[in-house]
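A.B. asks: Structure in structure tokens, see below.
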Amino acid sequence: MTAAPDSFGQFSLKGRTALVTGARRGIGAAIAAGYAAAGAELILFARDAALEDTLEAIKQNGGGEATIVTADFAEPDAVEAAATELVRTRQVDILVNNAGTIRRAPAAETSTADWRHVIDVNLNSTWAVTRPIGAAMAERGAGKIVTIASLLSFQGGITVPAYTASKHAVAGLTRALANEWGAAGVQVNAIAPGYISTDNTTDLRADPERETAIRSRIPAGRWGRPDDLVGAAVFLASSAADYVNGHILAVDGGWLAR
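See below:
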């Protein structure tokens, strides 16, 4: 049994509507379930409507029926059209930009098609969702935007040039929008996850040498889990973070401290 939303105090999301992109599994699904436990009403934005596991997790955490919005994040124009239509009929109090992808290859072997795909999903579609929803928040005078950045918002990584470029850009966009919309009552922040056990890290965890090298550098001594991001995501979406703006919060088991 999850805690009642009222018990969350200033961290409660009761009475607020949260839109989570990329909510089918992994970090997005965990945040959606955590928001339900904190009292939020959920809108799930994904490539298709096959979200049964996330919907069940929301229900188990005390949430009601979630609204589903679909568009392919590799097509930013379609994402923007869906987001623009949504804000005509629904008030979005919290936006979580989680949808993302990765393509691994040495820079010299990275195709232009792969580069464009990653940039479209991770950056251009993040902008396509954030612009109309954030503008509506600013006009209303309140809102929270939480974008999933990365450790590669600070570092270069290996064999992921497009992903690294997109996550550096997401960090910059977070700060730029915080500057523009902060005075209008909108807080724009990001979470930089460490090495988390999700689909995006399957190849790394399957490589014994890389897995050991990564885990040995993490002071916590383990890979992160999607649930490890939930507390930070609830905090940044709540009134407890009303004076936190333009910040990129690392949730990395201590990786950046090593």
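Sequential numbering of the sequence shown, starting at 5, is according to our numbering.
Just so you know, even glycine gets a beta-carbon here, dropped at the ideal spot from N, CA and C.
At the level of alpha carbons, what is the spacing between V150 and N193?
C.D. replies: Residue mapping note: residue 150 aligns to position 146 of the sequence shown, counting from 1. Residue mapping note: residue 193 aligns to position 189 of the sequence shown, counting from 1. Going from the Cα of V150 to the Cα of N193 covers about 5 angstroms.
A.B. asks: Just list the residues that DSSP pairs N193 with in beta bridges.
C.D. replies: Locating residue 193 in the sequence shown gives position 189, counting from the first residue. Note: N193 sits in a beta bridge opposite V150.
A.B. asks: Less than 7 angstroms between C-beta atoms, sequence neighbours within five positions excluded: which residues of the same chain meet that for A34?
C.D. replies: For the purposes of this step, residue 34 is identified with residue 30 of the sequence shown, where counting begins at 1. Closer than 7 angstroms at the Cβ level, and outside the excluded window around A34, lie P230, D231, L233, V234.
A.B. asks: Figure out for me which residue from T114, V100, I106 has the closest Cα to the Cα of K131.
C.D. replies: Position 127 of the sequence shown, counted from the start, is the residue given in the question as residue 131. First, the amino acid is wrong: residue 131 is Trp here, not Lys. Answer by Cα proximity: V100.
A.B. asks: Are the segment 48-68 and the segment 253-261 touching by the rule of at least three beta carbon pairs closer than 8 angstroms?
C.D. replies: No: fewer than three Cβ pairs fall under 8 angstroms.
A.B. asks: Verify whether the separation of the beta carbon atoms of I137 and L17 is less than 9 angstroms.
C.D. replies: Within the sequence shown, the letter at position 133 stands for residue 137. Within the sequence shown, the letter at position 13 stands for residue 17. Cβ atoms of I137 and L17: not closer than 9 angstroms.
A.B. asks: Spatial neighbours of T240 within its chain, please: CB distance less than 6 angstroms, with the 5 preceding and 5 following residues excluded, ordered by chain position.
C.D. replies: Taking the first residue of the sequence shown as 1, we reach residue 240 at position 236. The sequence shown places Leu at residue 240, not Thr. If we look at L240 and ignore the five residues flanking it on each side, its Cβ neighbours are V150, N193.
A.B. asks: Where A22 and H172 are concerned, what is the direct C-alpha to C-alpha distance, given to the nearest angstrom?
C.D. replies: Working through the sequence shown from its first residue, we reach residue 22 at position 18. Working through the sequence shown from its first residue, we reach residue 172 at position 168. Distance between the alpha carbons of A22 and H172 is about 25 angstroms.
A.B. asks: Quick check: the segment 75-89 against the segment 110-119, are there 3 or more CB pairs under 8 angstroms?
C.D. replies: Segments in contact, no.
A.B. asks: Name the one or two DSSP bridge partners that L99 has.
C.D. replies: Counted from its first residue, the sequence shown places residue 99 at position 95. According to DSSP, L99 bridges with L23, I149.
A.B. asks: What are the start and end residues of the beta strand (DSSP E) that includes A254?
C.D. replies: Walking along the sequence shown from the start, residue 254 turns up at place 250. It spans 252-255 - the beta strand (DSSP E) in which A254 sits, taken as one unbroken run.
A.B. asks: Start and end of the beta strand (DSSP E) containing A224?
C.D. replies: Here the question's residue 224 lines up with position 220 in the sequence shown. Counting along the chain, A224 falls outside any beta strand (DSSP E), and DSSP gives it neither H nor E.
A.B. asks: At what residue ranges does the segment 63-136 contain a whole run of the alpha helix (DSSP H), taking only runs of 4 or more?
C.D. replies: The qualifying runs are 80-93, 116-123.
A.B. asks: Could you name the residues of the same chain whose beta carbon sits closer than 7 angstroms to that of Q95, not counting the 5 residues immediately before and after it, in chain order?
C.D. replies: What you label residue 95 is simply residue 91 of the sequence shown in a count that begins at 1. Closer than 7 angstroms at Cβ, skipping near neighbours: T21.
A.B. asks: For F15 and V238, what's the separation of their Cα atoms in angstroms?
C.D. replies: Taking the sequence shown and counting its residues from 1, the one referred to as residue 15 is at position 11. Taking the sequence shown and counting its residues from 1, the one referred to as residue 238 is at position 234. Taking the straight line from one Cα to the other gives about 7 angstroms.
A.B. asks: Rounded to the nearest angstrom, what separates T88 and V133 at their Cα positions?
C.D. replies: For the purposes of this step, residue 88 is taken as the residue at position 84 of the sequence shown. For the purposes of this step, residue 133 is taken as the residue at position 129 of the sequence shown. Rounded to the nearest angstrom, the two C-alpha atoms are 8 angstroms apart.
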